[in-house]
Ligand SMILES: [Mg+2]
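Right under this line is the structure:
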């Protein structure tokens, strides 16, 4: 583990801890999507009763089986911060709508962005009007997504079940790209770069979705009153701050937040957390996080890529925090 911020002082940090982690290329291997090498640190989190909140561009439909596979009883953040998935009784909200049939058995989905159908409608109208060249998940079959992402066909089908955001590949030239970005912004849509795709989604709408995800996909979506978040931009950082606020609201005392990520869509999450862990890419490079721009922040870089780096850095940080607690 490389300590980039000279003189990181873990003695000012403490348990309890909340861990927010990107998945692809971070907890999961970029190519195989496996996480075996992270098991020691995952076990350590469970033994210390520290919540792990997967914070990802993946869909709710992908996250339900994943949280089940991890045996993770904690919330998740999906579609780059557009949705917070809360296990139904996690914060004891008796009136919240819920979904049945998964572990944890029921979830409340809080949406922070406008719904997928609206986003698709705007993208299609822009394509018709300006002949923009892009390929979105809605344009692709599950088999084509599987080929692009190396996901299995069933997992690619889950990746197509979107609630708010559209991943796309840009196929036009530089000047039309600039025009595309400008047109999106005028329509209150934003672009975020992930590991493989650009992600288009709305800003500043919020609500609660009541959805049955028992196999047929999200249905019966309904928005409550809109809310404005920061400057209107939405990202993983906004979503984790909202979730941290909920932890505080429901009685968790001040805690140390740790975020792990590897791509530009993780930067806001890394900025928001007390400790930012940048996971090395498989080709040996790192996300350009601008360590010098965060002189007072605890920024760590993993030596190893993907889940091995996740394990290495998180184990070391938790060892520091635990030893502080026992001093
Ligand atoms: Mg990633």
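In this note's numbering, the protein residues as written are 1395 to 1721. Quick reminder that beta carbons are idealized off the backbone N, C-alpha and C, glycines included. Please read these numbers as outputs of a predicted model, since none were measured by experiment.
I want to know whether the region 1649-1657 touches the region 1667-1677 - three or more CB-CB distances under 8 Å.
A contact exists between the region 1649-1657 and the region 1667-1677.
Whole angstroms is fine: what's the gap from residue 1442's alpha carbon to residue 1572's?
48 Å
Answer yes if the region 1427-1436 comes into contact with the region 1698-1708, meaning at least three C-beta pairs across the two stretches below 8 Å, and no otherwise.
yes
Would you mind giving the Cβ-Cβ distance between residue 1578 and residue 1529, rounded to the nearest angstrom? I have them listed as a contact below 8 Å.
About 16 Å separates the two Cβ atoms, so there is no contact after all.
Excluding sequence positions up to five away, which residues of its chain have a Cβ less than 8 Å from the Cβ of residue 1560?
1510, 1513, 1514, 1517, 1530, 1531, 1532, 1593, 1594, 1595
On the three-state DSSP scale, how would you describe residue 1360?
Residue 1360 falls outside the range modelled here, since the chain spans only 1395 to 1721, and no answer is possible.
What did DSSP end up calling residue 1411 once you bin it into helix, strand or coil?
strand
Assign residue 1345 to one of three DSSP states: helix, strand, or coil.
Beyond the ends of the chain as shown, which are 1395 and 1721, falls residue 1345; an answer cannot be given.
Terminal residues of the continuous alpha helix (DSSP H) containing residue 1587?
Careful: residue 1587 lies outside any alpha helix (DSSP H), inside the beta strand (DSSP E) at 1583-1587.
Taking any heavy atom of ligand 1 as the mark, which residues have a C-beta closer than 7 Å to it, listed down the chain?
1416, 1417, 1418, 1419, 1420, 1588, 1589, 1655, 1656, 1657, 1660
When you compare only the Cα positions, how much space is there between residue 1648 and residue 1661?
23 Å
Output the distance between the C-alpha atoms of residue 1426 and residue 1548, rounded to the nearest integer angstrom.
15 Å
Extract the residue ranges of the beta strand (DSSP E) inside the region 1464-1540, only unbroken runs of 3 or more that lie entirely within it.
1470-1472, 1477-1481, 1501-1505, 1528-1530
Among 1544, 1541, 1543, 1536, which has the Cα closest to the Cα of residue 1555?
1536
By the DSSP assignment, the alpha helix (DSSP H) with residue 1548 in it spans what residues?
For residue 1548, the enclosing alpha helix (DSSP H) covers residues 1547-1553.
Within the same chain, show all residues whose beta-carbon is closer than 7 Å to that of residue 1631, passing over the 5 residues directly before and after it, in chain order.
1662, 1663, 1665, 1666
Leaving out five residues on either side along the sequence, give the residues of the same chain with a beta carbon under 7 Å from the beta carbon of residue 1439.
1413, 1446
Judging by CA-CA distance, which residue of 1467, 1557, 1587, 1568 is the nearest neighbour of residue 1455?
Out of 1467, 1557, 1587, 1568, 1557 has the C-alpha closest to the C-alpha of residue 1455.
Mind checking which residues open and close the alpha helix (DSSP H) that includes residue 1573?
1568-1580
Terminal residues of the continuous beta strand (DSSP E) containing residue 1562?
1560-1564
Helix, strand or coil: how does DSSP classify residue 1426 here?
coil
Taking the alpha-carbon of residue 1419 as reference, which of 1684, 1680, 1685 has the nearest alpha-carbon?
1680
Cutting at 8 Å between CB atoms, please list the residues of its own chain near residue 1683, excluding the five before and the five after it.
1661, 1664, 1670, 1672, 1693
For residue 1482 versus residue 1502, is the C-beta spacing smaller than 7 Å?
yes
Going by Cα to Cα distance, which pick from 1429, 1526, 1484 is closest to residue 1644?
Among 1429, 1526, 1484, the Cα nearest to that of residue 1644 belongs to 1484.
May I ask which residues mark the beginning and end of the beta strand (DSSP E) holding residue 1450?
No beta strand (DSSP E) contains residue 1450, which DSSP labels as neither H nor E.
Leaving aside the five residues before and after residue 1429 along the sequence, list all residues of the same chain whose C-beta is less than 6 Å from its C-beta, in chain order.
1421, 1422, 1701
From the DSSP output, in three-state form, read off residue 1701 for me.
helix
Please classify residue 1524 as buried or exposed, where buried requires at least 16 neighbouring CB atoms within 10 angstroms.
exposed
If we ignore side chains and look at the alpha-carbon of each, how far apart do residue 1544 and residue 1576 end up?
The straight-line gap from Cα to Cα measures roughly 32 Å.
With a threshold of 16 other CB atoms inside 10 Å of the CB of residue 1452, please say whether the residue is buried or exposed.
Buried, because 16 or more other Cβ atoms sit within 10 Å of the Cβ of residue 1452.
Going by DSSP, which residues form a beta bridge with residue 1593?
Residue 1593 is bridged to 1561, 1586.
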